[in-house]
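Residue numbers (my numbering), protein chains in the order written: chain S, 17 to 323; chain F, 83 to 294; chain U, 7 to 266. Notes for the one structure printed next.
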């Protein structure tokens, strides 16, 4: 019974020890989270974001001595923003339109340069994030039709297509239907009228449905890999309804101060990726199931960015 | 084995996320203890507060965790940083076991001991700090143990709203359909829960007072 | 009623009544006086109100009517903590703190009164010897002691602050007959040495006859009579003789009363 006597006597002391241990763990875990010679790059959970993340990662790995840790497939804009704010990631790819509406919560115009400048200055002052130069493509919403129909009816713009819509069936994704800058605004801007309400489908099923004549017009992304693969035609947004979604790198200024050498490799990516090139990379991953690392390396090599 | 190699290669990231996880659990448990024990004491000594306090904690418990995270998102200041709302939510969930066990522990003290103490002229405060709390330590700690184990589990869900921690591995692994990544989150989380449960259980046993 | 030769009244009950919030009356019109140095036994069956009366003295309960005076001052206006610390309290279940050693248990009142550590240690040793315990038990815990040893510690604890008054609520009731007998004898010798004013609650007539200088019989919340032990066994009062009858074989105690 002696040991239990001692423990009875020592129990307040032990409790203090435990409390100190717990506090130490908390303190330790909070300060160990700052890394020294490493950069963490995040991405959202879809192919294109992943590709951009990989491109940035390889740029930095090739041109600096830093190790890059990839924290891809984070589930969405809010998650990425939180990770940036708390310093869990240093860089991630974002779209100007998304940054303006989802993060800054402002109404978006269609002026590409204006949107970019607004995001750049607000991100600087509010979050101390640096916005890199646009990568070169605009992944905005587009309305797509079959290539055959475009040629047959000689359609180039959305205004022209608007007159045919009463005879067409439309297919849209959930988000497009829900977003205020989605279907409702579009229908108003172009006076679109469909015979039946648009079918709501999974994004990945839209292109095949279009190809198979189940629907006649769909809303997709400008850099969708299936556009060239299925011979789809992108209608021009002549009334400039859709806001710009230029892809850019978002970088924590604190990370830039610690590792100024990452700025150049990231800026070098500016203006290097066209809509079509992004479509091809997306298709390589989604359609051809190639490895992102290989696709990224090939592209960077082809642009002379890496040896 | 492939899994072991994966763990070895990514040990840096695993460690980092584990520490993030510990941070979330540690801070919220500490807050729950600081708030919950006094509330438990209050409800034990003034029976009037028993129903409202335990009732409120019970109501919080019934809200599905993901829903609670969602409720807190639009709240100013809290929603700005996922960590803040995660820590608040985890603290709220940890309250019930701690309050309830504090209440039970204090009420469970032998009434003869209380009567003798009062009769001797111990003030309420002296009775609380020198007799009731020390004798309840084991039961209270058992409540803390439950709170910690539950928190470790809930903290994995916190990753869904961007608070980080081991849950992030799980969610990313699910999106990528990558089992190794999922396990890289699930196994350390399970180990954390087990260790906390075991460690606190040992302490709980050693603090148990001796009855006649 | 018996008049005690020593007239300094330490405790006085003046028309005291105690009624529960739900209306049930536990005590009604209690008038009694406890004199310095005497052992007043409150005798009665369960529910007679004897424990209630005891608890009114150290204000664990508050009278709903009437007044109680301790050393001339009403308990109602006294500082309750000071009051309780100046009165020793011993209960049947003992109520030792299970997480304190015998030493810490015994010395609790001196400790909260702020005595020096050395003085407390000295006092504890003194008390343990007084109640017949080996001082080496000081480092033991209550669960390691026998029932009799625990109650001795209980008494030592109650005496630690050197109170003039001792309240004892069936202190030996949970012990076996032999131990009870032992402790009763020791109580008597202790009383001879210390001369405390004691109010002792019991339902056992033999114990009352043995230990009390006066016996106050209570029934259904009323004080029936206060008599000396000799008067008690010879009384013609209906309730008293009923009590005596119930304890038929305890008479010779009167003659052989004392620490034999």
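Ideal Cβ positions, reconstructed from N, Cα and C, are used throughout, including at glycine. Here the structure is a predicted model, which means the values were calculated and not measured.
Going by DSSP, residue 231/U is part of the beta strand (DSSP E) stretching over 228-233.
Inter-segment contact for the stretch 259-270 of chain F and the stretch 214-229 of chain F is absent: fewer than three beta-carbon pairs are separated by less than 8 Å. Where residue 217/S is concerned, there is no enclosing alpha helix (DSSP H), because DSSP gives it neither an H nor an E. 8 Å or more divides the Cβ of residue 123/U from the Cβ of residue 134/U. Out of 252/U, 204/U, 139/U and 52/U, the CA that lies nearest to the CA of residue 15/U is found in 204/U.
For the stretch 239-255 of chain F, the set of positions with a beta-carbon nearer than 9 Å to some beta-carbon of chain S reads 241, 242, 243, 244, 245, 246, 250, 253, 254 and 255 in chain order.
Distance from the Cα of residue 96/U is smallest, within the candidate group 185/U, 41/U and 173/U, for 173/U. Taking the CA atoms as reference points, residue 45/U sits about 18 Å from residue 137/U. Residue environment for residue 96/S: buried (at least 16 other C-beta atoms within 10 angstroms of its C-beta).
Taking 8 Å as the CB threshold, residue 115/F stays off the interface with chain U.
Rounded to whole angstroms, the separation of the alpha carbons of residue 235/F and residue 228/F is 11 Å. The bridge partners DSSP lists for residue 235/S are 159/S. In the DSSP assignment, residue 83/S is bridged to 54/S.
Put simply, of 94/U, 112/U, 51/U and 119/U the residue whose alpha carbon is nearest the alpha carbon of residue 141/U is 112/U.
In the same chain as residue 281/S, and ignoring 5 residues on each side of it, the C-beta atoms closer than 6 Å to its own belong to 75, 76 and 79, in chain order. Identification of chain U residues near residue 204/F by a Cβ-Cβ cut-off of 7 Å yields 118, ordered along the chain. Secondary structure of residue 129/F (DSSP, three-state): helix. The DSSP-derived three-state label of residue 57/U is helix.
Per the coordinates, the alpha-carbon of residue 180/U lies some 7 Å from the alpha-carbon of residue 99/U.
Comparing C-alpha distances from residue 59/S to each of 105/S, 132/S and 216/S shows the shortest one belongs to 105/S. Secondary-structure assignment with DSSP links residue 18/U through a beta bridge to 39/U and 75/U. Contact annotation: residue 57/S and residue 87/S have beta-carbon atoms nearer than 8 Å. For a Cβ distance threshold of 7 Å, residue set 257 of chain F lies close to residue 61/S, ordered along the chain. When DSSP assignments are scanned along the stretch 231-318 of chain S, the uninterrupted stretches of beta strand (DSSP E) that are 3 or more residues long and fall wholly within it turn out to be 233-237, 248-251 and 263-268. When C-beta atoms of the stretch 216-232 of chain U are compared with those of the stretch 31-47 of chain U, three or more pairs fall below 8 Å, so the two segments count as touching. Annotated as distal: residue 193/U and residue 211/U, with beta-carbon spacing of 8 Å or more.
Around the CB of residue 292/S, fewer than 16 other CB atoms lie within 10 Å, so the residue is classed as exposed. Listed along the chain, the chain U residues whose CB falls inside 8 Å of the CB of residue 195/F are 101, 102, 103 and 104. Look at residue 96/U here: in three-state DSSP terms it is strand. If you draw a 10 Å sphere on the C-beta of residue 57/U, you find 16 or more other C-beta atoms in it, and that means buried.
Between the stretch 239-255 of chain F and the stretch 167-176 of chain F, the count of C-beta pairs closer than 8 Å reaches three or more; the two stretches touch. DSSP places residue 205/U in the uninterrupted beta strand (DSSP E) bounded by 203-208. Looking at the DSSP output, residue 154/S shares a beta bridge with 262/S. Beta-bridge pairing by DSSP links residue 174/U to 96/U and 206/U. Here DSSP, grouped into helix, strand and coil, assigns residue 270/F to helix. With its beta carbon at least 8 Å from every one in chain F, residue 122/S lies outside the interface.
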